[in-house]
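Each number in this note's numbering corresponds to the 1-based position in the sequence shown with 765 added.
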Amino acid sequence: MKADLVIHNGKIVSPDAVIEASLAIKDGKVLAVGAPEAMPPATETFDASGLHILPGAIDVHVHFRDPGYPHKEDWESGTAAAAFGGVTTVFDMPNTIPATANGEILAAKHAIAKSKAHIDFGLYGLLGDENLATVPELLQGGIIGFKLYMGNTFGKIASPDTGATLELFEVAAQSGKRVSLHAENNDIMERRQKRLMAAGIRDQFAHLAARPAVVAVEAVSRAAILAEWTGARIHVLHISTADELRPLREAKARGVDITGETCPHYLMLSTEDYTRVPGVIAVNPPVRQKHNQEPIWQALLNGSIDMVATDHAPHTPEEKTRNDIWTVDCGFPGVETQMPLMLTEVNAGRMTISDYVRMSSYNPARIWGLYPQKGSLSVGADADIAMVDLGREHTIRDVETQSRSKISPWDGRKVKGLPVHTIVRGRFVMKDRTLVADSKGWGQSVHTIQHMPPPQVRNAEHTMQAITTQCSAGRRE
Ligand code: DOR
Ligand code: ZN
């Protein structure tokens, strides 16, 4: 059999090992991995001397703003940024305009993404109090999972109260899909923000004061209890504090299907950066005091935190540099810089490159039911590849990035380790740090290949659906 492409002389990285081997690709899939002489003949060969070959990163947390905010980002610019960052699959959040809350809106977003994406994608469906009735449409239309906003953030999607959250978890549990959580307690934040605003306090530190660690700890703990009760699968987005780790670990130990992510900004930035880049660094949850960093690193390395994601949240310079912190749009881009930032830590000896593959690709693929088609370079897997030069030094310059945002706290930061080529299902989408122009529209939705394990519903007899059925049938106990 003739391969389409054979890559020679690279070092292939898996969560367990780094092997020097050649890799053959046919019809977008890995055809063979092994000694160069064992490779089939190929239409094209590629010399990856000096490069590491990683399964492309899967970023389960991006905001590509399309439809709704084309001045911040769209599917074309967002996925171009991803391609430059060695990211081959993204999961996009529902806080677009309109929010991804019903079947019709979801179908329209699928069409937009399909027409523009350079890389593969999954779409989150909103799980909110107002759209309980449209959950079946979202499932029918094809979502990678649900997003539930326990706390308010950009886009001002209403946070369901605890009663609604329980009911939404009941419904999600039945579906088997994972619910990704913005785990911050809304009541505490709203009250504090109101007080601070009334007192005329409007600096970067006030934002942190409105969102102390307890808002995250409380939300993670409450979500874990509701997930344990219902059997819902949950994912804690953007873990920012050391304090969240205890409820996360305890819930895992109790057998709750709970996973977690952190982001480079919680690992590498702290309140010490606030005066350097006020406004620009504003993000929800906030970048925190330095003492949080080490415990979060340890949790990421020992598996309590399952993965690194980015919360890529582009806004424009004007939206990020307003004097009043309460009017600053929170978030900044990250999908393009995550891999270089983390490879810099590999170079510094913080972790191995296999550790990095586990947290950037293998674990996300497993947790969302995409493994082994994604998150692996074994025979039969999708040929989604980031070829990285671990020795290459680079300075991040926001103006040079693909994202439309052009402003982040990473500007000027030196990194060592850079993705130089990105392949999605066998096709180069970024080559020699240049976008492959006709790869626009090559991306496709991954919901069609998702295989979540069967739902594990618990306390089914107590669900809202069960009790209303029982009561209307006149049965009471
Ligand atoms: O800072 C943030 N920005 N946090 C979020 O949760 C949302 C995001 C956005 O969409 O801008
Ligand atoms: Zn987010």
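Glycine is no exception: its CB is placed at the ideal position from the N, C-alpha and C atoms.
Here the structure is a predicted model, which means the values were calculated and not measured.
key: Contacts around L871, its chain only, beta-carbon distance under 8 Å, and the 5 residues preceding and following it disregarded   = T865, L888, G890, E902, L903, G906, G907, I908
- Message: For a minimum of 3 consecutive residues, which ranges assigned as the beta strand (DSSP E) are wholly contained in the segment 962–1024?
- Response: 998–1001
If you run the structure through DSSP and keep just helix, strand and coil, what is H828? coil
Say yes only if the C-beta of G928 is nearer than 8 Å to one or more non-hydrogen atoms of the ligand ZN, and no if none qualify.
no
- Query: Counting Cβ pairs, one atom from each stretch, are 3 or more of them under 8 Å apart for the segment 793–810 and the segment 1122–1135?
  - Reply: no
Please classify N950: is it buried, with 16 or more other beta-carbons within 10 angstroms of its beta-carbon, or exposed?
-> buried
Is A846 near S1168, with beta carbons less than 9 Å apart? yes
Next item on the list: Measure the CB-CB distance between F849 and Q1209 and report whether it falls below 9 Å.
Entry: no
Q | 7 Å CB neighbourhood of V1094 in its chain, flanking five on each side removed | A | Here the sequence assigns Asp to residue 1094, which means Val is not the residue at that position. These residues qualify, in order along the chain: F919, H1080, E1084, K1085.
Quiz prompt | Three-state secondary structure assigned by DSSP to R956 | solution = Under the three-state reduction of DSSP output, R956 falls in the helix class.
**OP:** Check whether the Cβ of D1094 sits closer than 8 Å to any heavy atom of the ligand ZN, and report yes or no.
**Re:** D1094 Cβ: outside cutoff for every heavy atom of the ligand ZN.
- Message: Let's see if you can read the secondary structure: which residues bound the alpha helix (DSSP H) around M915?
- Response: Counting along the chain, M915 falls outside any alpha helix (DSSP H), and DSSP gives it neither H nor E.
Problem set entry | Member of G1114, K767, T861 whose CA lies at the smallest distance from the CA of K1181 | G1114
Inspect the CB distances between the segment 1114–1127 and the segment 802–814 and report whether three or more fall short of 8 Å. The way I'd put it, the segment 1114–1127 doesn't touch the segment 802–814; fewer than three beta-carbon pairs between them come closer than 8 Å.
Taking only three categories from DSSP, how would you classify I1161? coil
Nearest-angstrom Cα distance between D831 and G843?
9 Å
So which residues put a beta carbon under 6 Å from any heavy atom of the ligand ZN, going in chain order?
H826, H828, M858, D1076, A1078
Q. Enumerated in chain order, which unbroken segments of the beta strand (DSSP E) with a length of 3 residues or greater are wholly contained in the segment 805–850?
A. 807–812, 817–820, 822–827
Query raised in the report: H972: beta carbon under 8 Å from a heavy atom of the ligand DOR?
Result: Not so, every heavy atom of the ligand DOR lies at least 8 Å from the Cβ.
When the Cα atoms are used, what is the spatial distance from D792 to S1237? 55 Å
>> Let me check you understand the geometry: is the CB of N860 closer than 8 Å to at least one non-hydrogen atom of the ligand FMN?
In response: Absence of the ligand FMN is noted for the structure shown, with the ligand DOR and the ligand ZN being the only ligands found.
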